[in-house]
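Heads up, the thing below is written out as structure tokens.
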Amino acid sequence: MHDFTGDSGWKTGVIGTDDKERENDVAPVDLKPLRLERPAPKWAEDEETSYAEYLKPCEAGEYTFSVYVRSDGDALAWAELAWKDDNGQWQRVTSERVRRVGAPLRLTCTMNLPRAATVRCRVLAAEGRGACWFDRAQLERGALANRNSLLQNANFSMLAVGELPEGWTSSEGSVELPDKEKAVIAPASESEYTPKDLGANCLRLLGAPGKKNGVYQELDIQGGKGDSYVVGGWARTWAAPDRENRAFRLRVSFQKRNGVWADGGTADWNEEWVDWQYACGAAVAPAAYRKVRVFIEYDENLNEAQIGAVSFTKEYYGQNFAYDEKNNVTAVSTLLGQKDKAEYDKFDNMESYMQPGREENDKYTFFYGDNDAQKKKHLPLRSETPLGVIAETKYDAFGNAAENTVRAKSDGRFMRTYTAYTADGNYAVSATDARGQTSYTSVDPIKGLTQSATDVMGQTVNYLYDEATNRMTSVETTVGTGEEAKVYRNEYTYDKDRLKTISHNTTGDTPDVTYTFETDALGNQTKVKVGDGETGQTLSENHYSGSGDKLLEAVTYGNEGAVRYTYDSFKRVAGIRYDDAEDPRFTYEYGANGAVSRVKDAELGREARMAYDLAERPVEAELYENEVLNGVLNKVLKYRLSQEYNRFEQPSVLHERIEEPDDTRSEFTISAEYDTESKPTALTYESARMIETGEPDETSKRKLTYAYDGLGRVSQRGFYVDVQNERPMFQSEYTYVTGGYGANSTTSLVQAVE
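Taking our numbering, I'd label the letters of the sequence shown as residues 20 to 773.
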């Protein structure tokens, strides 16, 4: 339902100030996305609300409507989902209302449909001036807005019996078939293996020996070489064995800029299985393209194929790698298509690296020596960041880093550390920090076991091991000197290869405190006790399922409390209940991406929903509470937190919206800026509080700025009450602890903030 065209079922209109609606007699034509103007030209007044709506018959159940929106000017936009009750009244749920300038924002609204009814999906624009652009509208079963499918009318199982649905076209060769053999929507054959989310119908393709039969949908999508997509779908067939030119598959084709079509990938169903099956596959653009076609093919086959539903989505979590002739990785594309860049010398040492999306001058450089002998060791002697922080490393005869110096290119300040090793170079035995203070480690040179560790204050911890198994048996340290000295020791015992007990206070006069751990035959922990062996008190006990997966079903505690877990068919936590409760306190639902998308709190009547972008990054969290509206229990949005990222994949905007009990709201936004080394340089804090409906919001805007010295340390922080003012209200200066290596030596330890 995501195409806003005149023949796709969408109608436009306005809602007057008296709440009366009138439909526009001019339908949207070839608008992808849909544009609602404020005020609508010629046929709407300033105070009226513009809308577009789509009606869809639906069975009883939970439904979610989602749509992406962005605005020009200050027009207000929102989405609405509604159904008509027995009294002829529309019962509505709405998304939040936004003035969205910049990247599109996804709006969602969810409702429970108590019976079969016609559902109305609406997008609306009101107030202000400008235009709201809506795109990728999607209505789906359940409470979660999943990844947007680029295909329309692709769930054939829910479509009415009849001809090929709008958006689909018969493939070349299929158009010559007799009408009775062409693809149509028809009832699907009964099967006990029908997926639960498929309806009663299907797209039927009849086999035609020696002939092609298939359909395709053409999408006006443009992109570049390497763009990744995933195509998949449910189908069943009574096909002939595979052979050349015979096909039962999904195929994706890209139209290159010169008009030539080129295949990008397929998803093949198994012709030997005669019941429902799912197939999916990757499709990668072989070149820059201006259109995409998704084919369903049943070529030169027998009997018939029944297609339940197919999907086609843009994929962002894949990565593309580029190599040089020596198989060195020279470029990697990121989640959002940004590419990094690396250059190597003839010895395969990386000489420079540029982060994804950065300019040519914003590169990291590496130096391996002046001659071939040094470069063959592959040991970086010096590196420099884009902002001029230089790191130098000296090595011992074994190639261990023995001296590290970080130097400011702009002045003479530096931070230096040392590391010493055993005579054979296998183990580090001392580390000297930037202050010149040294810590020591004693290591068994044969077994590689740490025997003792002494910190810069002279405090030593000793370790003892079982001679046969090398397992640690005790850890001991002495605190204080003379008569005030106290020895602290932990002791460990084992049952075969598993930890059995931990005892502490083992050197004092008071009784030892011993924790005992019990496990089952597979090593899963079953009990934790405190006290001596069998007489000890049980602190917790784990109970597992009797199946081979050994899922944790419950944890019972010594105070008679309990936490119990249930799981879904994918062995993910689906519910948590406490003590002897029959019903779960928390229930969990997951999106098509496998991530948690909804958490219900039955006791507080709350519901948290999470959303992710196409790169699977968390971008939204919402909190709903139960409220009765017009006699119907609904989830009402109370809190919303959204996260945006910049083109370097750094968090750039964090927006918080709170719905107050008096029907007002508060909004808070934090915007972040970064330097070329991804260090934050500014944080802007904006707030807006609605005091009274119809009155201007109380707003404020403050800013924190950060400056860095030549070593990458924070040197200055400024606080601006008025972001337009060039002078901060407060300014803090950072000073750092002096280093232990003479003039210009420093550390990363903050000494004072003034």
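Don't be surprised by glycine CBs; every beta carbon is placed ideally from N, CA and C.
Assign residue i to one of two classes, buried (16 or more other C-beta atoms within 10 Å of its C-beta) or exposed (fewer than that).
i	result
Arg-435	buried
Tyr-597	exposed
Val-740	exposed
Tyr-755	buried
Ala-63	Only weak support exists for where Ala-63 lies, its pLDDT of 47 falling under 50; the value from the coordinates is given anyway. So Ala-63 counts as buried.
Gln-770	exposed
Met-476	exposed
Ala-324	buried
Met-748	exposed
Asp-246	buried
Asn-543	exposed
Lys-722	buried
Ser-588	exposed
Ala-254	buried
Grouping DSSP H, G and I as helix and E and B as strand, with all else coil, what is residue i?
i	result
Glu-678	strand
Gly-737	strand
Gly-501	helix
Ser-751	strand
Phe-687	strand
Glu-553	helix
Ser-190	coil
Ser-176	helix
Glu-200	helix
Pro-9	Because the chain spans 20 through 773 in this model, residue 9 falls outside it and cannot be assessed.
Val-480	strand
Leu-570	coil
His-397	coil
Val-88	strand
Lys-244	coil
Val-475	coil
Glu-185	coil
Ala-145	strand
Phe-273	strand
Arg-119	coil
Asn-131	strand
Specify, as a first and last residue, the run of the beta strand (DSSP E) that residue i falls within.
i	result
Ala-96	95-103
Gln-770	765-772
Val-425	420-427
Asn-744	Per DSSP, Asn-744 belongs to no beta strand (DSSP E) and is neither H nor E.
Ser-247	247-256
Gly-327	323-334
Phe-366	Careful: Phe-366 lies outside any beta strand (DSSP E) and carries neither H nor E.
Pro-699	699-708
Leu-224	220-225
Gln-236	233-238
Tyr-760	Careful: Tyr-760 lies outside any beta strand (DSSP E) and carries neither H nor E.
Gly-284	280-287
Tyr-440	433-440
Hey, could you find the ends of the alpha helix (DSSP H) residue i is sitting in?
i	result
Asp-391	391-394
Tell me whether the beta-carbon of residue i lies closer than 7 Å to the beta-carbon of residue j.
i	j	result
Trp-91	Gly-147	For the sequence presented, residue 91 should be read as Asp rather than Trp. Result no, Cβ atoms of Asp-91 and Gly-147 do not sit closer than 7 Å.
Gly-555	Val-547	no
Ala-304	Lys-244	yes
Arg-116	Glu-72	no
Ala-173	Val-329	yes
Val-112	Cys-151	no
Asp-474	Ser-458	yes
Thr-520	Thr-529	no
Ala-101	Ala-144	no
Thr-765	Tyr-725	no
Tyr-584	Ile-595	yes
Glu-362	Glu-370	yes
Leu-660	Glu-675	yes
Ser-168	Arg-125	no
Leu-170	Gln-236	yes
Is the region 263-275 touching the region 183-194 in the sense that three or more CB pairs, one from each, lie closer than 8 Å?
-> Judged by Cβ distances under 8 Å, the region 183-194 makes no contact with the region 263-275, as fewer than three pairs qualify.
Say whether the region 79-86 touches the region 129-138, bearing in mind that this needs 3 or more beta-carbon pairs closer than 8 Å, one atom from each stretch.
-> yes
Is the region 682-700 in contact with the region 394-401, if contact means three or more CB pairs nearer than 8 Å?
-> no
Given 8 Å, three or more beta-carbon pairs between the region 229-244 and the region 285-298 | no
Would the region 412-425 and the region 736-752 be scored as touching if the rule is three or more Cβ pairs under 8 Å?
-> no
Taking contact to mean at least 3 C-beta pairs separated by less than 8 Å, is the region 256-270 in contact with the region 279-294?
-> yes
Please determine if the region 678-688 and the region 703-713 are in contact, where contact requires at least 3 C-beta pairs separated by less than 8 Å.
-> Yes, the region 678-688 is in contact with the region 703-713.
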